[in-house]
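Residue numbers (the working numbering): 1 to 270.
C-beta atoms are modelled at their ideal positions from N, C-alpha and C, and glycine is treated no differently.
The structure under discussion appears below in the form of structure tokens.
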Amino acid sequence: MTHDEYAGNCEELFAVGGFTQVRELAESGLKELGPDPRLYRWLGLAHAAEDEDDHDAEAEKAYEAGLKLYPDDLGLLVSYLELCLRADGWTFPGRSGRAVVLKERIAVLAPAGSPEAARVEDALGWAGRGYWQDIRDRTATVRAERAALTSHSADVAEALGRGGPAPAHPEDLRAAEVAAALELLAGPWRAPLRLMVRHRVAAYVAAFVLAVATNKALVLSGTVSYSVWGWFWYVPLLLADRKLRQGRRLARQRVIVAMEARQADSAAAG
């Protein structure tokens with residue numbers, strides 16, 4: 001494969017969350033074909049995406065190795081700047097402090113209005129957030145994840161109504177998520193979970209009504225002075241959601257495997 005092909009494959013795998021595979025692919029490309037700024041960048045991004053201290057350190061090594069050979073590469077400079085802006089100034093003062101130098105270097109190379117300049121502005125805006133902005137962003141993230149799960153549940157409910165998943169390409173992530181969820185919800189013992197997925201809104205409303213009624217009945221009967229036992233009606237719903245999340249993770253793994261197989265076949269043919 002060429003550097004272009006390695007970089008393209010890294011981009012595909014990164015888009016579906018195959019960060020480990022991106023790192024392996026970028027390292028293979030660097031070892032086989034020699035240095036390339038794009039592969040150093042993908043190696044760093046795939047480490048940084050894990051959002052762990054050890055991986056951040058490896059990402060920094062990748063960016064610095066690339067910038068030693070390609071000091072004016074904007075992709076590497078901007079990615080490194082984003083890593084430095086994200087670093088905690090108390091724990092990693094050196095990494096955090098390098099953001100100033102990187103910003104100045106990018107300002108010289110990236111004119112106003114360029115995509116790189118826009119990324120820098122976005123990164124600086126993110127780094128300048130206050131406490132309440134962090135709270136709002138985390139809340140928005142939770143809402144987005146919840147919305148994604150609700151949308152996925154609707155797809156699974158539709159497939160349950162059809163009696164099975166529709167034929168789809170093995171790299172179609174959304175279709176793979178539905179197929180994996182149906183597998184995890186299969187079997188006679190999981191029929192109640194399938195029913196809850198098919199009628200998600202009604203199930204949540206019923207659980208709320210039952211929870212309030214149970215708590216009130218226990219308090220009025222004198223059994224307890226304060227009750228939370230009624231909220232256990234939500235346990236089956238949480239189990240159903242857990243199956244849906246497991247299905248999404250399983251589907252992502254399958255899509256990554258299918259993508260790697262296709263890339264390997266393409267490389268062999270080439």
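Close-in-space but distant-in-sequence residues of the same chain around residue i (CB under 7 Å, 5 per side omitted)
{"i": "Arg194", "result": "Leu160, Leu185"}
{"i": "Leu239", "result": "Leu193"}
{"i": "Lys243", "result": "Ala181, Leu184, Leu185, Leu193"}
{"i": "Arg296", "result": "With the chain represented from 1 up to 270, any question about residue 296 goes unanswered, as that position is not in the structure."}
{"i": "Asp265", "result": "none"}
{"i": "Tyr131", "result": "Bear in mind that the predicted position of Tyr131 carries a pLDDT of just 44, short of 50, making it unreliable; the figure below should be weighed with that in mind. The answer is none, since no qualifying residue turns up."}
Residue j beta carbon less than 8 Å from that of residue i
{"i": "Ala181", "j": "Ala175", "result": "no"}
{"i": "Ala118", "j": "Pro111", "result": "no"}
{"i": "Asn9", "j": "Leu25", "result": "yes"}
{"i": "Leu109", "j": "Tyr80", "result": "no"}
{"i": "Ala211", "j": "Tyr234", "result": "yes"}
{"i": "Leu85", "j": "Met259", "result": "no"}
{"i": "Val205", "j": "Ser153", "result": "no"}
{"i": "Leu218", "j": "Trp229", "result": "yes"}
{"i": "Val16", "j": "Arg248", "result": "no"}
{"i": "Leu237", "j": "Ala191", "result": "no"}
Residue i - containing alpha helix (DSSP H), residue span
{"i": "Ala206", "result": "200–220"}
{"i": "Trp231", "result": "No alpha helix (DSSP H) holds Trp231; DSSP gives it neither H nor E."}
{"i": "Ser96", "result": "93–109"}
{"i": "Gly66", "result": "53–69"}
{"i": "Ser28", "result": "19–33"}
{"i": "Leu173", "result": "173–184"}
{"i": "Ala46", "result": "37–48"}
{"i": "Ser225", "result": "Taken as a continuous stretch (DSSP letters only), Ser225 belongs to no alpha helix (DSSP H), as it is neither H nor E."}
{"i": "Arg86", "result": "74–86"}
Buried or exposed by the 16-neighbour rule on C-beta atoms within 10 Å, applied to residue i
{"i": "Pro37", "result": "buried"}
{"i": "Val156", "result": "buried"}
{"i": "Val224", "result": "exposed"}
{"i": "Gly128", "result": "Caution applies to Gly128, whose pLDDT of 47 falls short of 50 and renders its modelled position unreliable; the model cannot decide the point."}
{"i": "Glu11", "result": "exposed"}
{"i": "Ala179", "result": "buried"}
{"i": "Gly75", "result": "buried"}
{"i": "Asp241", "result": "buried"}
{"i": "Tyr63", "result": "buried"}
{"i": "Gly89", "result": "exposed"}
Close beta carbons around residue i, own chain, < 8 Å, minus the five adjacent residues each side
{"i": "Leu30", "result": "Asp36, Leu39, Tyr40, Leu43"}
{"i": "Arg245", "result": "Leu149"}
{"i": "Arg262", "result": "Glu171"}
{"i": "Gln133", "result": "The predicted model places Gln133 with a pLDDT of 48, which falls under 50 and marks its position as unreliable; any figure quoted below should be read in that light. Excluding positions up to five away in sequence, the list is empty."}
{"i": "Gly164", "result": "Leu182"}
Proximal residues to residue i (C-beta, below 6 Å), its chain only, five neighbours per side dropped
{"i": "Met1", "result": "Ala267"}
{"i": "Gly18", "result": "Ile256"}
{"i": "Tyr70", "result": "Pro37"}
{"i": "Ala46", "result": "Phe19, Val22, Arg23"}
{"i": "His281", "result": "Since the first residue of the chain shown is 1 and the last is 270, residue 281 is not available in this structure."}
{"i": "Glu5", "result": "none"}
Reduced DSSP category for residue i - H, G, I as helix; E, B as strand; rest coil
{"i": "Met196", "result": "helix"}
{"i": "Glu11", "result": "helix"}
{"i": "Arg129", "result": "Per-residue confidence for Arg129 stands at a pLDDT of 48, beneath the threshold of 50, marking its modelled position as unreliable; no derived number is given."}
{"i": "Pro188", "result": "helix"}
{"i": "Thr2", "result": "coil"}
{"i": "Pro170", "result": "coil"}
{"i": "Val255", "result": "helix"}
{"i": "Pro165", "result": "coil"}
{"i": "Ser151", "result": "helix"}
{"i": "Val156", "result": "helix"}
{"i": "Ala112", "result": "coil"}
{"i": "Val142", "result": "helix"}
Test: residue i CB closer than 8 Å to a CB of chain D
{"i": "Arg194", "result": "Annotation note: the requested chain D is absent from the structure, which comprises a single protein chain."}
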